[in-house]
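Position 203, counted from 1, in the sequence shown is what UniProt numbering calls 203; the numbers after and before it change by one each time, with no gaps.
Backbone N, C-alpha and C fix where the C-beta goes; we use that ideal spot for every residue, glycine too.
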Amino acid sequence: MDKKGDFMVLKKLQTSIRGLSGEIEIPGDKSISHRSVMFGSIAYGETRITNFLPGEDCLSTISCFRKLGVTIEERDKEIIIIGKGFEGLNEPKEVLDVGNSGTTIRLLLGILAGRPFFASLIGDESIGKRPMTRVTVPLAKMGAEIDGRKNGSYTPIAIRGGILSPIQYQLPVASAQVKSSLILAALQAEGESTITEPSITRDHTERMIRKFGGIINKHHNIMKVNGGQKLTGTNIHVPGDISSAAFFLVAGAIVPNSEIVLKNVGLNPTRTGIIEVLKNMCADLSIKQSSDASFEPIGDIIMRTSSLKGTVIEGDLIPKLIDEIPIIALLATQAEGITIIKNAEELKVKETNRIDTVVGELKKLGAEIEATNDGMVIHGKSKLIGGTVSSHGDHRIGMMLAIAALLCENEVNLERPEAIAVSYPNFFHHLNILTQ
Ligand code: S3P
Numbered sequence: 001m002d003k004k005g006d007f008m009v010l011k012k013l014q015t016s017i018r019g020l021s022g023e024i025e026i027p028g029d030k031s032i033s034h035r036s037v038m039f040g041s042i043a044y045g046e047t048r049i050t051n052f053l054p055g056e057d058c059l060s061t062i063s064c065f066r067k068l069g070v071t072i073e074e075r076d077k078e079i080i081i082i083g084k085g086f087e088g089l090n091e092p093k094e095v096l097d098v099g100n101s102g103t104t105i106r107l108l109l110g111i112l113a114g115r116p117f118f119a120s121l122i123g124d125e126s127i128g129k130r131p132m133t134r135v136t137v138p139l140a141k142m143g144a145e146i147d148g149r150k151n152g153s154y155t156p157i158a159i160r161g162g163i164l165s166p167i168q169y170q171l172p173v174a175s176a177q178v179k180s181s182l183i184l185a186a187l188q189a190e191g192e193s194t195i196t197e198p199s200i201t202r203d204h205t206e207r208m209i210r211k212f213g214g215i216i217n218k219h220h221n222i223m224k225v226n227g228g229q230k231l232t233g234t235n236i237h238v239p240g241d242i243s244s245a246a247f248f249l250v251a252g253a254i255v256p257n258s259e260i261v262l263k264n265v266g267l268n269p270t271r272t273g274i275i276e277v278l279k280n281m282c283a284d285l286s287i288k289q290s291s292d293a294s295f296e297p298i299g300d301i302i303m304r305t306s307s308l309k310g311t312v313i314e315g316d317l318i319p320k321l322i323d324e325i326p327i328i329a330l331l332a333t334q335a336e337g338i339t340i341i342k343n344a345e346e347l348k349v350k351e352t353n354r355i356d357t358v359v360g361e362l363k364k365l366g367a368e369i370e371a372t373n374d375g376m377v378i379h380g381k382s383k384l385i386g387g388t389v390s391s392h393g394d395h396r397i398g399m400m401l402a403i404a405a406l407l408c409e410n411e412v413n414l415e416r417p418e419a420i421a422v423s424y425p426n427f428f429h430h431l432n433i434l435t436q
């Protein structure tokens with residue numbers, strides 16, 4: 001691979017002798033890294049975080065909490081936070097910039113809703129297109145004063161928090177960001193809140209509350225949270241991000257003559273939809289689960305080249321793999337038969353409209369793929385040719401295209417590859433290790 005100007009030239013992997021081999025340690029989970037900084041900041045005492053993801057999104061979270069007056073240090077690969085409870089957060093003198101991170105802005109709004117001061121939040125161009133009413137409307141119902149562009153729908157957003165009433169709320173969309181934002185506000189409300197989600201979404205916030213000594217009652221999709229709880233600082237080891245591992249799982253499955261090991265991958269059952277799909281598609285993989293699963297389960301995954309079959313991905317499975325759909329679409333181009341992805345309209349409001357960007361970019365490489373209103377239909381097995389494609393500034397589209405390039409007959413010119421640093425700063429280093 002070469003880097004030329006604003007694009008990267010990616011070449012086909014010569015797989016006649018062997019494909020991908022070796023092992024890599026998957027970097028820290030993005031969702032858990034964000035939450036560990038947030039909970040460390042609102043707890044009392046010291047929190048030490050290891051295997052924190054140094055991706056741009058998580059660095060945006062650190063920068064926002066520093067602006068709120070929290071002491072956050074980096075020492076010997078550990079993040080150390082000195083929390084002084086919700087009360088320890090101070091009115092920021094500067095605008096809080098969340099960069100590209102939806103998790104930062106939505107969860108932060110839940111925290112700020114209960115703080116008696118003013119804050120203003122901005123992000124990059126992509127954040128400016130992502131819907132915020134899904135959190136601003138229920139947070140305003142609880143008592144926060146919030147405004148923003150287009151009646152509080154988009155950044156820039158201004159918030160003045162205060163005394164919050166508890167909420168009884170049924171989420172209209174299956175979103176862990178919305179659920180978590182409301183839980184963080186509920187922790188500051190006067191009384192018990194009940195939050196119901198339409199399908200089970202990632203439960204890192206619920207696990208994190210318990211890890212910090214708090215209580216949340218959860219029965220299937222219904223959560224009850226009492227306000228006024230005091231959280232206590234703790235030690236967090238962040239598991240590897242299954243959403244990052246997904247790119248190499250798929251690479252191992254589709255590149256001929258491959259066998260790779262992905263070490264210390266988070267295997268929280270609310271995130272393992274990709275494993276279910278790989279198994280349904282007849283992928284050759286095995287998992288060695290580690291013994292300590294008390295906080296978040298972790299394991300090593302061994303992936304080998306596979307003869308894949310098309311599948312249908314829909315319903316309650318969607319929230320368990322929502323971030324993996326771009327790379328699953330590539331996987332499906334290399335499976336025999338048709339793969340249908342439906343009930344995934346949430347893809348339209350991710351870092352890009354991922355129905356459009358996945359379908360548009362894979363088509364340019366030669367894939368047979370069509371967009372539908374709520375997903376896509378992929379015909380396999382198709383030969384990938386190559387060409388000029390773009391990440392559109394979306395990290396997961398960039399990584400999916402870099403993996404696709406391993407199979408393309410001709411060179412792939414990847415525009416805007418720098419977006420990948422949002423969630424996987426050492427992605428190309430890991431790709432090099434496995435292709436050596
Ligand atoms: C996340 C939740 C998901 C996911 C995002 C991270 C989280 O978003 O796509 O990458 O950390 O809570 P939604 O809540 O919008 O589905």
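Which whole-angstrom value describes the C-beta separation of residue i and residue j, a residue pair presumed to lie in contact below a C-beta threshold of 8 Å?
| i | j | result |
| --- | --- | --- |
| residue 253 | residue 308 | 7 Å |
| residue 338 | residue 377 | 6 Å |
| residue 202 | residue 31 | 6 Å |
Taking just the CA atoms, how far does residue j sit from residue i?
| i | j | result |
| --- | --- | --- |
| residue 59 | residue 422 | 9 Å |
| residue 295 | residue 289 | 14 Å |
| residue 399 | residue 379 | 21 Å |
| residue 391 | residue 354 | 11 Å |
| residue 100 | residue 351 | 8 Å |
| residue 51 | residue 27 | 7 Å |
| residue 79 | residue 238 | 11 Å |
| residue 77 | residue 25 | 15 Å |
| residue 424 | residue 147 | 33 Å |
| residue 7 | residue 240 | 28 Å |
| residue 63 | residue 103 | 14 Å |
| residue 264 | residue 300 | 5 Å |
| residue 37 | residue 342 | 34 Å |
| residue 39 | residue 110 | 12 Å |
| residue 42 | residue 140 | 21 Å |
| residue 93 | residue 401 | 40 Å |
| residue 167 | residue 193 | 5 Å |
| residue 387 | residue 359 | 15 Å |
| residue 123 | residue 162 | 24 Å |
| residue 119 | residue 269 | 36 Å |
| residue 217 | residue 137 | 24 Å |
| residue 318 | residue 173 | 12 Å |
Terminal residues of the continuous alpha helix (DSSP H) containing residue i?
| i | result |
| --- | --- |
| residue 248 | 242-254 |
| residue 48 | No alpha helix (DSSP H) holds residue 48; the beta strand (DSSP E) holding it covers 44-50. |
| residue 182 | 176-186 |
| residue 60 | 56-67 |
| residue 215 | Run containing residue 215: none; DSSP gives neither H nor E here. |
| residue 208 | 204-211 |
| residue 432 | 427-435 |
How is residue i classed by DSSP in three states: helix, strand or coil?
| i | result |
| --- | --- |
| residue 231 | coil |
| residue 326 | helix |
| residue 164 | coil |
| residue 483 | This structure cannot settle anything about residue 483, because the visible part of the chain is limited to 1 through 436. |
| residue 287 | strand |
| residue 345 | helix |
| residue 26 | coil |
| residue 380 | strand |
| residue 105 | helix |
| residue 391 | coil |
| residue 94 | coil |
| residue 150 | helix |
| residue 299 | strand |
| residue 350 | coil |
| residue 41 | helix |
| residue 110 | helix |
Within the 8 Å Cβ cut-off, does residue i reach chain B?
| i | result |
| --- | --- |
| residue 65 | Among the chains in the structure shown there is no chain B, since it carries only a single protein chain. |
Would you say residue i touches ligand 1, meaning its beta carbon is less than 7 Å from a heavy atom?
| i | result |
| --- | --- |
| residue 312 | no |
| residue 322 | yes |
| residue 103 | yes |
| residue 176 | yes |
| residue 34 | yes |
| residue 346 | yes |
| residue 350 | yes |
| residue 202 | yes |
| residue 180 | yes |
| residue 244 | no |
| residue 31 | yes |
With respect to the beta strand (DSSP E) encompassing residue i, which residues constitute its N-terminal and C-terminal limits?
| i | result |
| --- | --- |
| residue 356 | Run containing residue 356: none in the beta strand (DSSP E); it sits in the alpha helix (DSSP H), 354-365. |
| residue 276 | From DSSP, residue 276 is part of no beta strand (DSSP E) but of the alpha helix (DSSP H) over 273-280. |
| residue 398 | Careful: residue 398 lies outside any beta strand (DSSP E), inside the alpha helix (DSSP H) at 395-405. |
| residue 122 | 118-122 |
| residue 7 | 7-10 |
| residue 420 | Careful: residue 420 lies outside any beta strand (DSSP E) and carries neither H nor E. |
| residue 135 | No beta strand (DSSP E) holds residue 135; the alpha helix (DSSP H) holding it covers 133-142. |
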